[in-house]
Amino acid sequence: MKVRRPTPSTTLSCGSAVYALAFSPDRLQLASGSDDYMIRIWDVRTGLLIEDPLEGHSDNIWSITYSPIDDSLVSGSEDGTLRFWSSRTYQTIGQPLTGHTDAVYSTAYSPDGARVASGSEDRTIRIWDVQSGHMIGEPLRGHSDSVWSVSYSPDGAFIASGSGDYTVRIWDAHTGQLIGHPLHGHTGSVKSVSFSPDGAHIMSASDDTTLRMWDTQALQMIGQPLRGHDSDVFFASYSKDGNFVASGSSYGNLCVWDMHTNEVSGQLFLGHINHSVLSMAYSLDGAYIASGSSDGTIYIWDGHTSARHQMKRQIKSHTAHIHSMAYSPDCRTIASGSEDTTVRIWNAKTGSAVGKPMRGHTKDVWTLAYSPDATHLVSGSYDKSLRIWDLHTFEQVGEPLRGHKSYVLCVAYSPDGAHIISGSYDKTICIWNAHNGQIIDKIRSNQQEPIRSLAFSPDGTRFASNSSNESISIWDLSTRKLVCPPSRLGETIINAVTYSPDGTLIASGCKNATINIFSAQTGQRLREPLRGHSLSVFSVAFSPDGLYLASASQDRTLCVWDAQTYQMIGRPLEGHNAPVRSVVFPSDSTSTICSTGDHTIRVWDMAMIRIMGELVDKQGATASVDGDHSEITMDSETTQKSDEQLVETSLATDINQLQPRHRGRKALANERSSKSDSEPYHICGPGCQRDSGHKLWRLRDDRWVVIDDNKLLVWVPPDLRQVLLRPPNILMMSSKRGFLQLEFHHDKIGDSWAEHFQPFKHAVFS
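Using our numbering, you'd call the opening residue of the sequence shown number 2 and step up by one each time.
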């Protein structure tokens, strides 16, 4: 068992989204700014509000900064103003500072506390005299988009700024002149800039998920971008000694970087479950870290524990986003391709890495496909090439397959293993000889749009393609001609296509969050779209028996559908912390389903998913089991008319044996009480037989693991909740966070503690 991650020492609740955080220089206070237009001052030691919220702004608070020399602080707001406040009297100081014509996103005090710099959506930087409240000189102009961050150098001579125009700029703090040229390198908005304590370097953080370090004299980037986050990085701050940098992302990851090696020395998942982290603060001495979320909570962490005593595990997995995944035909392994340019193989049952990383691509690995005999794997990359890998030696076979002029977005093996097809951003489809790697033909899609997905029919005579102009095409492999005219869906983009096992249907996942079903013969849509996701659908897959359809989405969830009725089974499955890029079934069974997103691959138990499904009684009343299996929500007019129409179902029964039973509400309560008080039962885990003596557990919103929603089993700290494997998620493969599994297999609950007691020892950290 490895040392687990620390938990927050204090949890604060604001009741509204927290956009700004700042520690006082003595770290005794924490100031927060919210979308309720208020500033709150908290006692770090007790977690209590020191005074009533400070009111004055008329819109969201985007920035708060404490003065380095006295008890004042400055705030910047969506209302376009800055305000000074006393953290001793908790009153506003002077009048609002006006001049910006749009939201003020960032504020920074000069080291002597005499000036404040502000960055705004109006694309300017302004410098203010703290005593008079007047603007000094003219606005600093040069950025072509919002200024998200400003920072003074330690000697006060320079100001650094980061902008939505993807650049970092350095300004003379006294003259307002740009020093040298803009610093280019980021491919997304620069949300944070921070000087090193000696002023020699600037660290920038960006929406492109990277940090970059810049030489302030040479005005050049130092080394390679720092990669370790799953999402946009909005915060970066040096430690007091300059040896470490803390960075934070919207998905809740805090990385601590060793500036001697430029490697991650520690990682912390901040535990704001299903809510974006909007703000972060690091105390000057590194003793505390605070994080604020869209759900209105603030966590305060022991910074020394988080940074110094974090799990230091050897990185055996991907170090960046996993874009693609494939199940081997023999169901023994899972392959993954990543932004880190590598391909890796995993044991499908244990989650352990198999062999060595397969290296060769020079850019993101976007797509993968196994050969039918599971001896080879083909990968497609942003480097415009395909590569074939020998899965016995984990070495590349021959030379890269080059034929596309842009990113390779999709690949597929033919069922007989003789051909490989690939689709590209260059709008072409290439057909390859899988044995010698020679190109057989190159088809330019009539749609004149990137080819994002390809799928062979089960008999290998046809393949389907999709593109970005709302259409799906079906091709004859031998003639390379269209079998039927492209089928258009209207105003949406198709991201993915897949054939049903019998070859009669094609399913597509679309940007408008829907799944569509087509005839594989005519290409015509057969029914109304399936709706259940809230954002773009990236991947779709049929189960081998054709009874189920799974979909993966940008909304971070999976949905499983009944392929006969096209009704969703249960609710969307949550667990991933980033968009879910891929979903697949193993080829020999429907016992599990596999998905990938963020840095993880997750395996889900289909039996549990079916138990979570919708149950319909003879009268049409619907009882839907919640996503954690332990709540039944009635959805029928009959349940509102009479206690006698209450439908009870047992979760401790196989899905095929579930039958509705009618009980009065009082009788049902008595029966449950009697059963709970007198009859012991087992806590069920994956693979258990679900009979009347077994019950599934769930994780409540208050982080208690419970049975029957009120019997407390164990409390899960907030930082572990996201890595806890909750039914139906039974396995996770990751090096970024590991996972926690509660093994309740056949543990008992009952009144006789002497009969059922055993020490809790079944927490497995991996």
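We treat Cβ as the ideally placed atom computed from N, Cα and C, and that holds for glycine.
Note that the structure is a prediction, hence the values are computed from the model and not measured.
With three or more CB-CB distances shorter than 8 Å, the stretch 356-365 counts as touching the stretch 336-347. Nearest Cα to Gly48 within the set Thr12, Pro54, Trp149 and Asn61: Thr12. Annotation: Ile51 is outside any beta strand (DSSP E) and is labelled neither H nor E by DSSP. A check of alpha carbon separations from Pro183 across Ser197, Thr168 and Arg403 identifies Thr168 as the nearest. In the DSSP assignment, Met326 falls within the beta strand (DSSP E) that extends over Ile323 to Tyr328. Taking Asn730 as the centre and dropping the five residues before and after it, the same chain places the C-beta of Gly576, Arg603 and Trp605 closer than 7 Å to its C-beta, in chain order.
When the beta-carbon positions are compared, Ala514 and Ser454 stay at least 8 Å from each other. When only Cα atoms are considered, Leu721 and Glu264 end up about 23 Å apart.
Annotated three-state conformation of Arg142 is coil, per DSSP.
In the DSSP secondary-structure assignment, Tyr567 is not bridged to any residue. Nearest Cα to Ser284 within the set Val45, Met569, Gly229 and Met607: Val45. The beta carbon of Arg463 lies closer than 7 Å to those of Ile475, Trp476, Asp477, Leu478 and Val484 in the same chain, with the five residues before and after it left out. With distances taken between CA atoms, Glu122 lies nearest to Val105 out of Ser472, Val105 and Gly177. Sixteen is the threshold: when 16 or more other Cβ atoms of the shown chains lie within 10 Å of the Cβ of Gly381, as they do, the residue is buried. Here the C-alpha atom of Ser292 lies approximately 8 Å from the C-alpha atom of Leu22.
Comparing alpha carbon positions, the residue from Asp60, Ile422 and Gly510 closest to Leu378 is Ile422.
In the structure shown, Ile494 adopts coil according to DSSP, grouped into three states. Put simply, the stretch 85-93 does not touch the stretch 106-116. Fewer than three CB pairs are less than 8 Å apart. By the neighbour-count definition (other C-beta atoms within 10 Å, threshold 16), Glu492 is an exposed residue.
As DSSP reads the structure, Glu264 sits in a beta bridge with Asp259.
Distance from the CA atom of Ile518 to the CA atom of Ser295, rounded to whole angstroms, is 37 Å.
One thing to note: His101 has its Cβ no nearer than 8 Å to the Cβ of Arg84. Between the alpha carbons of Leu387 and Trp433 lies a gap of roughly 10 Å. Taken in chain order, the whole beta strand (DSSP E) runs of length 3 or more contained in the stretch 73-116 are 73-78, 83-87, 93-98 and 105-110. When C-alpha distances from Val151 are compared across Ser205, Gly138 and Thr176, the shortest belongs to Ser205.
No residue range can be given for Ala158, since it is assigned to no beta strand (DSSP E) and is classified by DSSP as neither H nor E. Taking all protein chains shown into account, Trp716 has fewer than 16 neighbouring C-beta atoms within 10 Å of its C-beta and is therefore exposed. In the structure shown, the three-state DSSP call for Arg722 is helix. For Ala23, the secondary structure class from DSSP, reduced to helix, strand or coil, is strand. According to DSSP, residue pairing for Ser583 in a beta bridge involves Thr597. In the DSSP annotation of this structure, Arg611 is not part of any beta strand (DSSP E); the continuous alpha helix (DSSP H) holding it starts and ends at Met607 to Ile612.
The residue among Asn711, Arg699 and Ile708 with its C-alpha nearest the C-alpha of Leu725 is Arg699. For Thr429, the CB contacts under 6 Å within the same chain, skipping 5 residues up- and downstream, are Lys443 and Arg445 in chain order. A distance below 6 Å between beta-carbons, with the five flanking residues on each side excluded, links Asp556 to the following residues of its chain, in chain order: His534, Ser535 and Leu536. Sequence-distant partners of His187 (beyond 5 residues in either direction) whose C-beta falls short of 6 Å from its own C-beta, in its chain, are Tyr167, Ser207 and Asp209.
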